[in-house]
Structures are given as C-alpha cells and as structure tokens.
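Which chain is which? The protein sequence lines are Z and L, in order. With the first letter of the first sequence counted as 1, position 212 gets the number 217 in the numbering used here; the numbers rise by one all the way through. With the first letter of the second sequence counted as 1, position 79 gets the number 84 in the numbering used here; the numbers rise by one all the way through. Backbone N, C-alpha and C define an ideal beta-carbon position, used for all residues, glycine too. None of these values were measured; they are calculated from a predicted model. Since the structure comes first, as structure tokens, the remarks are kept for the end.
2 protein chains.
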Amino acid sequence: MSELRFDPIRRRWSIIATERRFRPHEFKRPTTDAPGDVGACPFEYGKEVATPGEIFAIAKGPRQPNGPGWQVRVVANKFPALRVEGELSREAVGMFDRVSGVGAHEVIVETPDHNRPMADMSAEEIALVFRAWRERLLDLRRDIRIRYVLIFKNHGREAGASLHHPHSQLIATPIIPTYLVEELNVAREHWAHKERCIFCDLIRQEQAFADRVALETEAFVLLEPFAASFPFETWLLPKDHCHDFALCSDQLLDNLARLVRDFLRRIRTLLDDPPYNFVLHTAPSPHPRPGQPRYWTTIEYDYHWHLEFIPRITHIAGFEWGSGFNINPTPPEEAARFLREVTVDEDR
Amino acid sequence: MSELRFDPIRRRWSIIATERRFRPHEFKRPTTDAPGDVGACPFEYGKEVATPGEIFAIAKGPRQPNGPGWQVRVVANKFPALRVEGELSREAVGMFDRVSGVGAHEVIVETPDHNRPMADMSAEEIALVFRAWRERLLDLRRDIRIRYVLIFKNHGREAGASLHHPHSQLIATPIIPTYLVEELNVAREHWAHKERCIFCDLIRQEQAFADRVALETEAFVLLEPFAASFPFETWLLPKDHCHDFALCSDQLLDNLARLVRDFLRRIRTLLDDPPYNFVLHTAPSPHPRPGQPRYWTTIEYDYHWHLEFIPRITHIAGFEWGSGFNINPTPPEEAARFLREVTVDEDR
C-alpha cells in the first residue's frame, strides 16, 4: 500500500507510491509528445471496458454505465497513487509522520474524441468538464477520511501527461497539501485582521492597476500574478467572493468555460501549443478535524477558489529547486499585454 | 534592471529578469542534450577572453588573469539574473513587495576539459570546485546588501544546463529564499525548545534506523530522506554540527569530494547518466538586519549546512505544482539499498 510521509524539516508531504514502483533501469527519459495510437488509447470511445469501472459520466441521453453515449466520463486511475480501500492510520516513525495511502485517484476523460484538446472544444463541452469536477468534489467530500481533493490537468508530455487523449485528474488526500495550508493560513490571517478576503483585495487592486489583467468577463478576471514564477503563469479568479468551486452554478461554469476557451486559444497561438498544467485551488473538505472544529467553520470567509495555469516552456533548474523562487524572463505586465493583443486564428 | 518580487499570498519571491527577457515566439522547447561544439563553448580553455572578466581562479602555478593555466575559474554570468551594480531599494507596490535586482550571478567553470563531467573528475579535482564555492561565499558575504548566496549545479539539459562544459553557478540575493527561511525557522524553533540541532537529530536517528543511509565516510553521511520528493533524491550532511559551508577545512572538503565522486559514479551506473541538480543549503550572510540583530547571532546553533541532490528522471506535473507535494514511485529505503549495492564500472 502507498503511504504519505511528512518531512519535519521542509514541512512537506510526499506520496511514496509503491503501486507505481519503478526499479532504477525502468526510468524513462522524456520523449517528444505525439498524438499517440488511437487504437492503443485506454480512453477510446466504444471501448469503455478497457478502463477500470466508471465512477461518473455526463451523457446526452440514456445509456448503460461502461458503454458508449457519454460526453465526459470519470474512471479510477489504473495505477493509483492512493486508494479508497483500506484503513486510515496516522503514526509517528521516529521524528517523522506516516499516513496510510487512503484516498482516491481518478481520471476525468474530457471528450470522446482522442484528438480534441481543450482549446479545440466548444465552451459547452468545456463547461461539462467543469461540471464533472464539481460533481466529483461534492461526492468525494462525503468521505470523512478525505481532507482535500486536488483537481488538475496536464497537457503535453513535458507537463506530465502520459496519455494524449484529453483528460484531467483528481487526487483526494487524507491531508491538506502544504501549498493549500500556506494559502489558507495567509487568507485566514488577513481575514482575522481586516475582515476582508486577500484574494478580493488582489482582484480590486489589479483591476485598478489594470496592466496585469489580461482578460475579464462579467464573472471572472484572468490576470498575470505580480510575482509570477513562470512566463505566462496565469490565475483565473471569480469576481464574487466564493471559497468553494463546488458551489459554482451551471451559469458560472458556463462563463468560466467561455473564458478558458478564449484563453487557451490565445496561449496556443502565442506559445505554439505549449505543454501546460491547470490546477484548481479550492477550499478543503468541510469536515471538522478532531480538536479543531472551528478551523473549518469560518472557511467561507477566508478562502477564494481560483484556477492556476502554468505553461511548461522554461526549465526548472537547481536554483528553483533549492530556493523556492524562480527566475522569470517575462514580466507579467508584458505577458498580459501579449494575451490582450494576440489575434487568434479561428480556423486552426 | 531586473527586480525581485514577493507574492503575499504564496509568500514566495520571483526574480523578474528583464535582462534575460524573451518574447513569446522565442521560447524554445527542451531539446536533447549533446556534447556540444567545443569550438563554440564560451568556457573553452585557452579562449578565456570569451567570458566576462574573471572573478576568481585556482591554478597550479603562477598565471595571468583571463589567460590559461587555471584548474577552476569563476566568471560573471553573461546573462545575469542579478547584478552587483546599482542601488538596493525595497518598496511596496500596492499589496506587493519589490526589491531592486542587486546581487550577483557567477559561473564556476569546474575544469578546463569540455568533456569531463564531475563523475569523471578525480576527488582532488572535485575538491577544488568546492574550494572555489567556499572562497566565493566568503568574498560575497562582505557585501552587506547580500543576504544569501545560493550555489547550485545543473547537469544535463533537462536539469536546466544550457551549456555542456562542466560548471556550477551561484546567485547572491538581497533576500533569503523562501525554502531557506522555512528550514531556518524549523531549525531555530527546534533549538529554542530542545537545545538540539534538528539535522543532528536526523543524522543520529537515520544512523540508528540504517535503512535510508546509503553511504557514509568518517565525516559525512549520505542518505535518502524519509519523505523524499523524487526517486533517488539524496542529502549529504556533515556529521559534526556546522551551520556554514564557508567554515569547511580543506581536509573536510577533500572528504566530501571523495564521497561525491563515489556517489555520482553510482548514480551514473544506476540511472544511466541522468540529468541532475546539486544545491548547497548553507547559513545566510551573517550581517545583522536593521531591527533584527539577534536573528543572526544565534545562527551557529540552529542551522546545519548540507547538499541536496535531485536526479531529474521523473516529470513534475500539475499535481506537484498545485500542492507542493510529490508522488515518488521509489521508496527511499529501496533507493538507499540500490546505491549501497551497485557495482560501479570503473573503466567507463
């Protein structure tokens, strides 16, 4: 069974994933991305039995589970980092912490079409993906062992996508990831002192400065963060305060989908279809933790869900790993201007 | 001029490096590493005038600066992320922080031989590299604007090395990098409660557990961390408590060099010459900061310098970027066993 381990010096968790174990000679070097062999794709439409059992699906009409007819389909990851089965244990190992590898690892197959990346989908199709994210969040939160559900999308092999077929993933964990804890602490402290959300402050300030705001809809602002770690790192934030993606209405997700489609097409034109990661930052599961019930009851005030986007066009070198800060050769103000001004070739 | 920017939500710095500015179409995709064209190498022996002015060198006999005869040579980076020239300013920008890009960015050319990676150097040659690191640390610390000197080595293009000729780099910054601040805070708190160094505790515990210790010399322990983020992530720690790499004796550096040579040859055999990063973690500059003089006066007790090694054989995907924790498919106990048991082909 996999396990989660905590490093008391760096204060970070790792998943030691024994089910994905590699021996040294098995590590493969990065290879170039290729559309892949449709016939060998485990997500191929019409061959639904090739995947582990279906967990959730969106379809236009009536259909049988594990059969065709779906528009978006969620299945268990074949090589899961964490599993739903098993008992949750938390124990000390000398000065360290170990938690059993209980959780979930799912794949959201975003479209039946092997060769239809998100930038080519319609806004309606992208909205269905976001609805699947929302439904899986709501369902997994009912498991009181789970503290956080991390949803992310890897596009392109250099961004970590091992399969070409458009998909996103979720990993539900019995701990709250370090970066989320840090953001939650910052947002909570800000709220405690000022009774204002730090993300709402950020949105208002950046709308006033204007030079880092790349795109805006009635419900969302898309901006290049002031201290961007990477060229064209981008945050998408809902303008109205909301801590939890799972509370989004269909209408809000439709609006988000239109913005994401527009953004991805601009990025593809500007950076020539770069590999990228999308990561959803949202509130942790609302279950009170033993001894800390108040921690979560105030959560609606002191977090603000958002999407973070990173194009993987620069190398992460020793400097970045050793310091936690990055050298970014593109000022975010310039990236925002490029995004605003680019003309997208709609015929692509 | 470049600038350092602080994100108040993620509490991390970035260098916005305007001197390395790229326009969108200039981003290049990762390409395969190749020995490169010796004639085009800016570090070629005998063509010392091709580099920016020499800052430091180690030589066997008398020689002229910027001429041949050197064994290790330190020069300014041609495209520096930070520069020594200019005034250090610290200012607020709305809710953000900005610091002018004052600092230093240097290249340590480790050998005159274009095709002699560190794993092929003798222990004596590697020791000279570490002596150059030490001398640059001591020299740069005299600049009271500088808070930290980060020394690192990128080997292979996928690890961020843009040049094949063996070299390491240093970036001296007017702030302390976030990861160092976190380690310092943890170590200081541990000391405050227990009057023990947390790294010394770690060494003693891991020597007792034994299964994660891969190699050991009279002065150093080389271990796979319990919560390793990556397969074969490795820490090298001096057994005797010492906060500062710059205090190492020649004898200690000789001992370290023998261990690093042995380790790099084992890694090369096990993982087929992987790209890798080495990062030195050492104490910050000892200058008192205005208003916080005591912060640094206790530093000799509450930090413990060490080297961190990461082979770049797995992809960093959206999960890792979004959470700060990693999925590691190789338990560190297994990695330690592989390192202990591998037979190195000395004829390679």
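Status (buried if at least 16 other CB within 10 Å, exposed otherwise) for residue i
i: G66 (chain L); result: exposed
i: A224 (chain L); result: buried
i: V98 (chain L); result: exposed
i: R299 (chain Z); result: With a pLDDT of 45 at R299 (chain Z), under the threshold of 50, the modelled position of that residue is not reliable, and the figure given next carries that caveat. Its Cβ having fewer than 16 others within 10 Å, R299 (chain Z) is exposed.
i: A213 (chain Z); result: exposed
i: M123 (chain Z); result: buried
i: F235 (chain Z); result: buried
i: Q69 (chain L); result: exposed
i: L9 (chain L); result: buried
i: S19 (chain Z); result: buried
i: Q256 (chain Z); result: exposed
i: W310 (chain L); result: buried
i: I149 (chain L); result: exposed
i: L143 (chain Z); result: exposed
i: W326 (chain L); result: buried
i: S328 (chain L); result: buried
i: P85 (chain Z); result: buried
i: N190 (chain L); result: exposed
i: S105 (chain Z); result: buried
i: P29 (chain L); result: buried
i: D249 (chain Z); result: buried
i: D350 (chain Z); result: exposed
In DSSP terms, what residue i is bridged to
i: S7 (chain L); result: Answer by DSSP bridge pairing: none, since S7 (chain L) is not bridged.
i: I315 (chain L); result: L:N282
i: Q175 (chain L); result: Inspection of the sequence shows that residue 175 (chain L) is occupied by Leu rather than by Gln. Looking at the DSSP assignment, L175 (chain L) forms a beta bridge with L:E111 and L:I156.
i: L241 (chain Z); result: Z:L227 and Z:L312
i: A62 (chain L); result: L:R78
i: R48 (chain L); result: Checking the sequence, you will find Phe at residue 48 (chain L) rather than Arg. Partner(s): none; F48 (chain L) has no beta bridge.
i: V218 (chain Z); result: Z:L228
i: F135 (chain Z); result: Answer is none; F135 (chain Z) lacks a bridge partner.
i: I20 (chain L); result: Z:I332 and L:L9
i: S105 (chain L); result: L:E8
i: R88 (chain L); result: L:V107
Range covered by the beta strand (DSSP E) that runs through residue i
i: Q76 (chain L); result: W75 to A81
i: N333 (chain L); result: N331 to N333
Start and end residues, alpha helix (DSSP H) containing residue i
i: L258 (chain L); result: D255 to L276
i: I149 (chain L); result: I149 (chain L) -> no alpha helix (DSSP H), and no H or E assigned at all.
i: R342 (chain Z); result: P337 to E346
i: E96 (chain Z); result: Element bounds for E96 (chain Z): not the alpha helix (DSSP H) but the beta strand (DSSP E), R95 to V98.
i: T183 (chain L); result: T183 to K199
Rounded distance between the beta-carbons of residue j and residue i, thought under 8 Å
i: D206 (chain L); j: M100 (chain Z); result: 6 Å
i: C202 (chain Z); j: Y306 (chain Z); result: 7 Å
i: P171 (chain Z); j: R121 (chain Z); result: 6 Å
i: D259 (chain L); j: A132 (chain L); result: 5 Å
i: D277 (chain Z); j: L220 (chain Z); result: About 20 Å separates the two Cβ atoms, so there is no contact after all.
i: L145 (chain Z); j: P289 (chain Z); result: Contact doesn't hold; Cβ gap of about 12 Å is too wide.
i: R16 (chain L); j: E187 (chain Z); result: 6 Å
i: M128 (chain Z); j: R263 (chain Z); result: Met is not the amino acid found at residue 128 (chain Z); the sequence shown has Ala there. With a Cβ gap of about 4 Å, A128 (chain Z) and R263 (chain Z) count as contacting.
i: L228 (chain Z); j: E211 (chain Z); result: 5 Å
Quiz item: On the three-pair Cβ rule with 8 Å, is the segment 108-117 of chain Z touching the segment 239-249 of chain Z?
Solution: no
Self-check item: Stretch-stretch touch, CB-based, cutoff 8 Å, three pairs: the segment 45-62 of chain L with the segment 215-223 of chain L
Solution: no
Quiz item: Are the segment 278-291 of chain L and the segment 312-326 of chain L touching, with three or more C-beta to C-beta distances below 8 Å?
Solution: yes
Quiz item: Does the segment 192-199 of chain Z come within contact of the segment 157-168 of chain Z, defined as at least 3 CB pairs closer than 8 Å?
Solution: no
Quiz prompt | Stretch pair the segment 318-335 of chain L + the segment 169-178 of chain L: three plus CB contacts closer than 8 Å | solution = no
Quiz item: Does the segment 127-141 of chain Z come within contact of the segment 73-88 of chain Z, defined as at least 3 CB pairs closer than 8 Å?
Solution: yes
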